[in-house]
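Report on the structure given below.
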DNA sequence: AGCTCTTATGAATCATTGA
DNA sequence: GTCAATGATTCATAAGAGC
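This is the structure in structure tokens:
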């Protein structure tokens, strides 16, 4: 059993990860504080400083991640003064120089995006999810994220709300397995690199909760039961809740004690 | 009437555009030969050489584009040796340095993408469409690309909810706001920056034809009737056909005489 | 079951003003 | 100039209740 396991730690992941065992993590799933967003919550990282702020931390990610592990990064640049920021591109290229292999970019297409109308752009309805690895060969379990084809299933599963999951869990006790079993013999298909998910509804006491279906997808895709999932910017705890529900171990880190409290509370209440 | 108008020209756009009038083009829509793709057709541009190959040509684009014009670039990096190439990111950043303003990235989500299965990734079902301009203010006609709205609007408008009324009262302070009034009779909605278009079916005698819906969308969005649309890598002629169908002028350029023949044939047959 | 109606809400962006 | 803060403006959808 790893030293730090199934806990939420308050602190900067830069220092906290120093104490975590080398090559002990199977998957890192995270959504860092975006540059110029969450200024009140995180103090704000200027877009020009974002890459240099991130790199020392991603170096620690390299340290604790197993050779066959994956690093999933959810991020999206904003628009300022009529132009899109370029720091996300700069970050990806810097991560490649740091030793990461950029395997894929998934698109998280948000069904319900924020309102607004502007003279020069439409509403932003997608975010990027980058997949990095340490090696060309890595663990991937594609069968565990197969989606059913056909209308009846599409409408049932296009949105995996926490509530749906809870219902399935309580009925069967093991999350997805029952559903998967039900679909055997029906038309199943592999997903593509575009994910259609609604943003989470419901108050999570955190300004930027991503839908649980997002970590859920990548945890099932890149880990097996009992593996360790790390989120170095745990926020409201969604990644940890998802890992726990799927029978994985979790390690959550956040610099704000307030966030850690929210995450711990959600883990206790399993929601 | 511009000198070069409603024609397809065989040649390298680098030299051809030298003869085109300064600031005469309202919109550039193109899908360049991707690096390492279409090697037989174009002789192949190595990923490492792609940016330096492109930049002299995009400089000519700056020359012929009107100050209020837009440049729409459809491109997607491939995967090699298990990793995504970075030349698209490098190109975007180089274009910014060249003077272009990066306004937006649209995601063209391909409904019916190519089948296939690989050990380390799923099927690639999106392409990038970058929107660049010369100025912060540019021509944009958002109303011309509105899409049909769902049924929900009708019922809502029949009987304005108490909450809608309250929200607008507090916002405006005088009973009915004009916001709600704007919705009455509206059955169309603005799109987002994720476009759901099917890929073209049917052989167009060209290996990388994009669906006509793609240039159609951007031509309607960024030009009005009679404007001039340029595609410096016209390929099978889709951009020109779309422009003609929408009552715009077109100028198509391709280095391969074979492509120009196909484009001319399609224009004549209007398909 | 299916239909109608109600409610909730999401990492937004731009123009303007003032320091 | 440049930068920061503030206010104005703005949709489309899912899910649930009720009939």
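Residue numbers (the numbering used here), protein chains in the order written: chain A, 719 to 989; chain B, 719 to 989.
C-beta atoms are modelled at their ideal positions from N, C-alpha and C, and glycine is treated no differently.
Everything numeric in this text was worked out from a predicted model, so none of it was measured.
Under 7 Å from the C-beta of residue i: neighbouring residues of chain A
i	result
residue 908 of chain B	835 and 840
residue 864 of chain B	Those do not exist, as residue 864 of chain B stays about 11 Å from chain A at its closest Cβ, beyond 7 Å.
Partner residues on chain A for residue i, Cβ-Cβ distance less than 8 Å
i	result
residue 819 of chain B	800 and 801
Under 9 Å from the C-beta of residue i: neighbouring residues of chain A
i	result
residue 825 of chain B	825, 827, 843, 844 and 912
residue 804 of chain B	807, 810, 811, 814 and 820
residue 858 of chain B	837, 838 and 839
Alpha-carbon to alpha-carbon, residue j and residue i
i	j	result
residue 947 of chain A	residue 803 of chain B	28 Å
residue 715 of chain A	residue 722 of chain A	Outside the shown range of chain A (719 to 989) lies residue 715 of chain A, about which nothing can therefore be said.
residue 801 of chain B	residue 840 of chain B	13 Å
residue 846 of chain A	residue 911 of chain A	11 Å
residue 977 of chain A	residue 848 of chain B	36 Å
residue 822 of chain B	residue 779 of chain A	31 Å
residue 798 of chain B	residue 980 of chain B	31 Å
residue 751 of chain A	residue 934 of chain B	37 Å
residue 766 of chain A	residue 852 of chain B	23 Å
residue 815 of chain B	residue 773 of chain B	10 Å
residue 983 of chain A	residue 908 of chain A	35 Å
residue 834 of chain A	residue 842 of chain A	9 Å
residue 961 of chain A	residue 719 of chain A	16 Å
residue 805 of chain A	residue 793 of chain A	10 Å
residue 897 of chain A	residue 866 of chain B	Below a pLDDT of 50, predicted positions are generally treated as unreliable, and residue 897 of chain A, at 41, falls in that range; the measurement from the model is reported next regardless. Approximately 34 Å between the Cα atoms of the pair.
residue 810 of chain B	residue 830 of chain A	28 Å
residue 764 of chain A	residue 913 of chain A	29 Å
residue 953 of chain B	residue 906 of chain B	33 Å
residue 989 of chain A	residue 818 of chain A	33 Å
residue 917 of chain A	residue 828 of chain A	6 Å
Contact list for residue i against chain B, beta-carbon separation under 7 Å
i	result
residue 831 of chain A	910
8 Å Cβ cutoff met for residue i and residue j
i	j	result
residue 957 of chain A	residue 944 of chain A	no
residue 972 of chain B	residue 728 of chain B	yes
residue 741 of chain B	residue 783 of chain B	yes
residue 932 of chain A	residue 863 of chain A	no
residue 788 of chain A	residue 856 of chain A	yes
residue 825 of chain B	residue 844 of chain B	yes
residue 807 of chain A	residue 837 of chain B	no
residue 733 of chain A	residue 928 of chain A	no
residue 930 of chain A	residue 747 of chain A	no
residue 985 of chain A	residue 955 of chain A	yes
residue 812 of chain A	residue 769 of chain A	yes
Span of the beta strand (DSSP E), counted from its first residue to its last, around residue i
i	result
residue 845 of chain A	844–851
residue 743 of chain A	743–748
residue 947 of chain B	946–949
residue 806 of chain B	That residue, residue 806 of chain B, is in no beta strand (DSSP E); its alpha helix (DSSP H) goes 805–816.
residue 791 of chain A	783–793
residue 821 of chain B	819–828
residue 728 of chain A	725–728
residue 740 of chain A	It is not in any beta strand (DSSP E) - residue 740 of chain A carries neither H nor E in the DSSP assignment.
residue 913 of chain B	912–915
residue 967 of chain A	967–972
Bounding residues of the alpha helix (DSSP H) (the contiguous stretch that carries residue i)
i	result
residue 943 of chain B	It is not in any alpha helix (DSSP H) - residue 943 of chain B carries neither H nor E in the DSSP assignment.
residue 978 of chain B	975–987
residue 962 of chain A	956–963
residue 731 of chain B	731–734
Contacts of residue i in chain B (Cβ-Cβ under 9 Å)
i	result
residue 854 of chain A	799, 800, 801 and 838
Residue i CB to nearest heavy atom of the ligand PLP below 7 Å
i	result
residue 855 of chain B	Looking at this structure, you won't find the ligand PLP or any other ligand, since it has none at all.
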